[in-house]
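Chains as they are written, first to last, in my numbering: chain A, 265 to 373; chain B, 110 to 1012.
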């Protein structure tokens, strides 16, 4: 049994920020969305999702609010803060640079 | 960016701390929500609900682990953990209430015993001047070969003020002196403390009067012109009930009208440690106040009575100021060789003045604080011992914690938190103890003519010091047990409780054994010493104090200084004569007398030099000296001092008749051992001095204090030795205080301006020198002894308790195979008792040594006071036995089956 390729360190933060930049979501929705967008390539274990969200919240990049879901249940919705938007920009730019560099290196050989 | 970051995160951290329960609830709810959704999804995918649930949990990887990780994300776990630890500590300390209380009391005593002397040290050394930017204020001193901290004269002060550039201002003040004060013309003058100051005093110190104003420079310019006064804040509140319309009011000082121009602010109690000036008067009015009669205040360069202080300019270094004043002093030396030869000058900071000039105060404070710290150290060691014996019983608990994964550091933190809680409780108790000590010292009144304020207080510095001490002692007494108990070998710890290897344990206990021995010895010695002191005082109250015991209920004392109202010597003599005559006419008055210095009073006696006639002087001496008092013809009767041979003074001894004297028994026996001293002569001052005939021999009494051993004493008659400052003694048939008012009335009719410098009954002096003063010493040594005893008890208790817990298993086995309770008691107590025995032996030896020392210094009593040891030693043994017995008894109740199975 091969180990699912782990997320490159720090990319989970980027993914979460990007996702929340589009619309406020609760934890469950995020996990569904993660699965949907990345298919089976990126496997985020559910175990690491909530600690990651909490970390982002404590950093002040996202904020949480208790709201009603479609079928009237209380759930914690996360959304991006101003600080988080800045963070997203800088991390996205970082990622672009990094991935460009890596693909360049990979193509070389 | 950083700021913004904090803006967003601070509320979150606060929420994590203060809304903890809610945050936890939300955590739960969020995960629960996820879980349910996951189960729904599983069920929808065809799984059974149970299987769906199992898979969902699996996917999340354990709910609690999740929560823990999320909590860590909050970054406040160090604090929440700490709060948890505190809560836990309280719970676990409550489980052993006796031991916890013991540790708390031990530490409270230790810290409290330190707080009291530290408050003294603080008042004497560390407390800054009560002025703005106090560190800039320095003291200038004149230096000579005999005195490195001499004062300056007025002329010198003026020159320094004119010729220095280092300072924003130079000020000077005299000493606080008695001033006759009347708020209204018809009042009798009251004596208050007046301070002569330079006109710029308040301005340079930066003290702004709350009401009215400070002095203007021109008010200190022309001698005798501007009679203005600034009141001290306390005085204004006391005397004028804080009347805000006081400015402009006229008061009488020493019979001269002064206008009140301001009131010093409450924040400025003055620049003195022990005394608060009531009245501030500019130097220009110095002529109305008694100054050195042989010098002229404004003229003589060597009339050195002034404390000179200055405020350094910003940016001027102390070094520069010192150089400048040294140069100035050399100029003085050149210009005024007559008064300033070999005289320099120096600049000192407040700290230097208080530690160098008042060397005794500072040393006393440091020694006292050091002793107290030693007591605290012993207290901490004891507390550590107790905690160690407690930690021992928890070996298993700690081993279990370690086994299920608690970090060692985390556990040490937990244990340290426990001792911190104990130490903080101890610290709070200590503050209470210290407070009691300080207020006890404040209550101690000194019968001086101006009210002395004992300045010890629980201020911020003392409080902070006490709390710092408690935290330090927590570390000190908690660290060793914590380190030791977490080092436990897991396997052994889980298996059994007696993990000590006997051989090693022995070595480790050596220090504690020595401590117990030392404590027993020290406390026995101190207890014996205080008991000895008590006995010594009792003894000292026997011989030579009979007169005082009689006089204390009948004699009223009033001190006068006619110089305060500018009397000449003739006027003074006349006043005293009239006053005595009028007082004697009063119905309840038995007799009156005058003395310069009442026996057992605060002031020391002057000494007189003399050469006895017909006495061959040793070659290296020109004269002998003896203490002397100047008294009138009514003194001996009024004070109740019997004349053994010859006569006392008479009204017929006047300035025109031959000089006479009365001497005491010691004097008589000393110089005329084989003949009657009455009729003998001596010469005053030297062999060519005035001849004086001894007309009587008075009984020897205690003169300075109740300890003085027989000293030589001479009485000279007032009529032949005129001095201005005298004490009127009035012996009444009833309560002497009843006479105070009518006597003051007589004084007023004689001269309404004449202040009564001091009014007391003789009981005040007696109480001070024979009851309270000695009482303080006895209590001080006694309380040290009691604290020492308590510490010894704590140490012994800890030691025996430690042994019992360490050997629980062994004792269980012994009981199981038939040991009787008495055997068990003997087993665990014997060692403690041996230690007590050694300690007591040492203590008795030290006690005897101290007794000899005290006898040679204070008391007359020779030999060993057996009674003391007969009381102290058995009491000590009994108490320490009990301390060992309490934990030992627990050992006899060990149920063998239980111990063997459970542990």
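Glycine residues also receive a C-beta, built at the ideal position from the N, C-alpha and C atoms.
State the start and end residues of the unbroken alpha helix (DSSP H) segment that holds residue i.
i                       : result
residue 148 of chain B  : 129-153
residue 826 of chain B  : First-last for residue 826 of chain B: 822-826, but that is the beta strand (DSSP E), not the alpha helix (DSSP H).
residue 432 of chain B  : 427-444
residue 209 of chain B  : 206-230
residue 1013 of chain B : Lying before the first or after the last residue shown, residue 1013 of chain B is absent from chain B, which here runs from 110 to 1012.
residue 281 of chain A  : 275-286
Would residue i count as contacting chain A if we go by Cβ distances under 9 angstroms?
i                       : result
residue 133 of chain B  : no
residue 170 of chain B  : yes
residue 140 of chain B  : yes
residue 181 of chain B  : yes
residue 178 of chain B  : yes
residue 175 of chain B  : yes
residue 472 of chain B  : no
residue 1002 of chain B : no
residue 457 of chain B  : no
residue 940 of chain B  : no
residue 147 of chain B  : yes
Quick check on the burial criterion: 16 or more other C-beta atoms within 10 angstroms. Buried or exposed for residue i?
i                      : result
residue 726 of chain B : exposed
residue 708 of chain B : buried
residue 476 of chain B : exposed
residue 761 of chain B : exposed
residue 367 of chain A : exposed
residue 336 of chain A : exposed
residue 931 of chain B : exposed
residue 737 of chain B : buried
residue 514 of chain B : exposed
residue 443 of chain B : exposed
residue 174 of chain B : exposed
residue 423 of chain B : exposed
Of all Cβ atoms in chain B, is any one closer than 9 angstroms to the Cβ of residue i?
i                      : result
residue 361 of chain A : no
residue 355 of chain A : no
residue 221 of chain A : Lying before the first or after the last residue shown, residue 221 of chain A is absent from chain A, which here runs from 265 to 373.
residue 358 of chain A : no
residue 390 of chain A : Outside the displayed span of chain A (265 to 373) sits residue 390 of chain A, for which this structure offers no information.
residue 310 of chain A : yes
residue 367 of chain A : no
residue 331 of chain A : no
residue 282 of chain A : no
residue 343 of chain A : no
residue 268 of chain A : Here residue 268 of chain A scores only 40 on pLDDT, less than 50, and its place in the model is too uncertain to base an answer on.
residue 364 of chain A : no
How far does the beta strand (DSSP E) with residue i in it reach, from first residue to last?
i                      : result
residue 280 of chain B : 276-282
residue 353 of chain B : That residue, residue 353 of chain B, is in no beta strand (DSSP E); it is neither H nor E in DSSP.
residue 289 of chain B : 286-291
residue 738 of chain B : 733-740
residue 699 of chain B : 698-704
residue 330 of chain A : 326-332
residue 783 of chain B : Where residue 783 of chain B is concerned, there is no enclosing beta strand (DSSP E), given that its DSSP letter is neither H nor E.
residue 414 of chain B : 413-421
residue 346 of chain A : Taken as a continuous stretch (DSSP letters only), residue 346 of chain A belongs to no beta strand (DSSP E), being part of the alpha helix (DSSP H) at 346-372.
residue 868 of chain B : 867-870
Inter-stretch contact (C-beta, 8 angstroms, three-pair minimum) for the region 378-387 of chain B and the region 279-286 of chain B: yes
Beta strand (DSSP E) runs wholly inside the region 642-682 of chain B, at least 3 long, in chain order: 664-669
I want to know whether the region 898-906 of chain B touches the region 629-639 of chain B - three or more CB-CB distances under 8 angstroms. yes
Is there contact here, the region 503-521 of chain B with the region 920-929 of chain B, by at least three beta-carbon pairs under 8 angstroms? no
Just checking, does the region 693-702 of chain B make contact with the region 827-845 of chain B on the three C-beta pairs under 8 angstroms criterion? yes
Pick out the complete beta strand (DSSP E) segments inside the region 320-400 of chain B, 3 residues or longer, and give them in chain order. 337-340, 359-362, 365-372, 388-391
Would you call the region 165-172 of chain B in contact with the region 308-320 of chain A, where contact means no fewer than 3 C-beta pairs closer than 8 angstroms? yes
I'd like to know if the region 532-550 of chain B and the region 185-197 of chain B are in contact, where contact means that at least 3 CB-CB pairs between them fall below 8 angstroms. no
Inter-stretch contact at 8 angstroms, needing at least 3 Cβ pairs: the region 353-364 of chain A / the region 136-149 of chain B: no
Specify whether the region 753-768 of chain B and the region 798-807 of chain B touch according to this definition: at least 3 beta carbon pairs, one from each stretch, less than 8 angstroms apart. yes
With three or more beta-carbon pairs closer than 8 angstroms as the criterion, would you say the region 859-868 of chain B touches the region 666-679 of chain B? yes
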